[in-house]
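Read in order, the letters of the sequence shown are residues 881 to 1270 in the numbering used here.
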Amino acid sequence: MARSDTAATPDVTAPESHATPGFEDIALSPEAFQARVFDWFDEHGRKHLPWQENTTPYRVWVSEIMLQQTQVATVLPYYARFMERFPDVAALAAADIDDVLHLWTGLGYYARARNLHKAAQQVVNEYDGAFPVESVEALSALPGIGRSTAGAIISISTGQRAPILDGNVKRVLARLHAVEGWPGRPAVERKLWTLAERYTPQVRLADWTQAMMDLGATLCTRGSKPDCARCPFEEVCVAHARGEEKRFPESKPKKTIPTRQTLMLLVSDEAGKILLERRPPTGIWGGLWAPPLVEDREAAREWIAREARGAHLEAPLASFEHVFSHFRLTITPQPVQLGEAGLAPAQAAESVSESAADRRFVDPAAPDAVGLPAPVKALLARCTDDLFGL
């Protein structure tokens, strides 16, 4: 749809049958809204992203999962490496989870990687390697895929009509219509889905999906500085008319974020290698590799008595903080020098490691190709720099 097709007739018209309680309507029909989005996208939209080439459901799916909570610029190198290593769903399904997590190291939110692996195996085992893109309901039944992600995969890879409502689109619609309330609340989200359904066209669905995400990512951005002057909806946006762009969408109600404390045991052998354990599948850094974690020095002594008799604690190092989505973790690196007895065999009842395969000593200068949490990766680099004297 081109703006020139409607140049003789103003597109700012009062909608006749779209009034919906709970938000302000705008003087713009769905058809006029769609025309403005397509005109803007044709001139300014992003059209050369790697996942826009050969838009198979698999390639689009991986990109959509990586882009959750992560900016495009950050995702680009990770996506390239991931596609090179796992070019199709069969390759990903057959991979070891450690390989998947290793390639994900640095992107954060590691549950995304674990769900990718699980979903790939489910697609291969239950759908003969073909994604169930016939419906949003079928696709969103796979691990890690919600309604909006399913809509994006379907619309981009097949051209079927499937509305989306990711964070970018929520922000555009919430400001445009001054939708009151935090979008995470079910009632507010329902209002936003109503708007997403209203505006989604019947044509150019891949372009539409990318355009709506681009509007939120490049113009109607987070925080206090959306680029309203370049927005195709500047004169009809309710939040802009009120001067309340910063207020919409409303933020999640603030809660006090608790702070937890832990000692990270830097257990080193005579060669200077550091002990890593595979974390349990759930909880902090699920499935990743990290040094043993204990609550305090007393717990560290108990760990030594149980796991490494003859080892001794050295002076703790400077603490640092790592912020998770729901708490802050103050980490104190605690060097532990192994004695002649070495390390006791891993036992499920005594350690997070259920077998010897879940423990390994690594050279901090060249850690094995496994998934490492960002602070652990940084800590190993500091060991390499010999800042700890290990």
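Every residue, glycine too, gets a C-beta built ideally from N, C-alpha and C.
Annotated three-state conformation of P1255 is helix, per DSSP. Under a 10 Å Cβ-count criterion, V1250 is classified as buried, with 16 or more other Cβ atoms of the shown protein chains found around its own Cβ. Contact between the region 1134 to 1149 and the region 1077 to 1086 is not established, with fewer than three Cβ pairs separated by less than 8 Å.
Assigned with DSSP and collapsed to three states, V1147 falls in strand. Assignment of E1157 by DSSP, reduced to helix, strand and coil, places it in the strand class.
Here the alpha carbons of P1106 and A975 stand approximately 42 Å from one another. Here I1137 is exposed. Its C-beta has fewer than 16 other C-beta atoms within 10 Å. Rounded to whole angstroms, the Cβ separation of R1051 and P1129 is 6 Å, and the two are in contact under 8 Å. Taken atom to atom, the span from the alpha-carbon of R1159 to that of Y938 is near 28 Å. Taking a 10 Å sphere around the C-beta of S1131, we find fewer than 16 other C-beta atoms and assign the residue as exposed.
Taking every protein chain shown into account, the CB of N1048 has 16 or more other CB atoms within 10 angstroms, so this residue is buried.
Here W941 really is in contact with I1033; their C-beta atoms are around 5 Å apart, less than 8 Å. Beyond the five residues adjoining it in sequence on each side, G1039 comes within less than 7 Å, by CB distance, of L1085 and A1086 in the same chain, given in chain order. The residue from K927, V1216 and W984 with its alpha-carbon nearest to that of V955 is W984. Between the alpha carbons of I906 and A1109 lies a gap of roughly 18 Å. Residues of the same chain with a CB within less than 6 Å of the CB of P1112, apart from the 5 flanking positions on each side, are R916 and W920 in chain order. Residues Y989 of the same chain have their beta carbon placed closer than 6 Å to that of Q949, with the five preceding and five following residues left out of the count.
Taken atom to atom, the span from the alpha-carbon of A1180 to that of A1188 is near 11 Å.
Secondary structure in the region 907 to 962: the alpha helix (DSSP H) runs of 4 residues or longer, each lying completely within the stretch, are 910 to 924 and 937 to 947 in chain order. Less than 8 Å divides the Cβ of P1253 from the Cβ of A1170.
For E1201, there is no enclosing alpha helix (DSSP H); the enclosing beta strand (DSSP E) covers residues F1200 to V1203. The alpha carbon of Q932 has as its nearest neighbour, out of V952, F918 and A1237, the alpha carbon of V952. Counting every other CB atom within 10 Å of its CB across the protein chains shown gives Q1090 a total of 16 or more, marking it as buried.
Within the region 1036 to 1077, complete alpha helix (DSSP H) segments of at least 4 residues are found at 1047 to 1056, given in chain order.
In the structure shown, the three-state DSSP call for T1089 is helix. In terms of CA proximity to Q1002, S1020 leads the group L987, S1015, W1165 and S1020. Look at H1206 here: in three-state DSSP terms it is coil, with no helix or strand label. Taking each of D978, S1015 and W1062 in turn and checking the Cα distance to G1167, the smallest one comes out for D978. For R1122, the enclosing alpha helix (DSSP H) stretches over residues V1118 to R1122. E1194 places its beta carbon less than 8 Å from that of Q1217. The beta carbon of G1064 sits closer than 7 Å to the beta carbons of K1132 from its chain, once the five residues preceding and following it are set aside; these are given in chain order. Assignment of I1025 by DSSP, reduced to helix, strand and coil, places it in the coil class.
Here R1140 carries a strand assignment [DSSP, helix/strand/coil]. Close CB contacts of T1212 within its chain, under the 6 Å cut and outside five residues either way in sequence, are with L1143, P1196 and S1199 (chain order). Inclusion of A1067 and G1009 in the CB contact set at 8 Å is not warranted, their separation being larger than that value. Residues V1068, P1129, E1130, S1131, K1132 and P1133 of the same chain have their beta carbon placed closer than 8 Å to that of W1062, with the five preceding and five following residues left out of the count.
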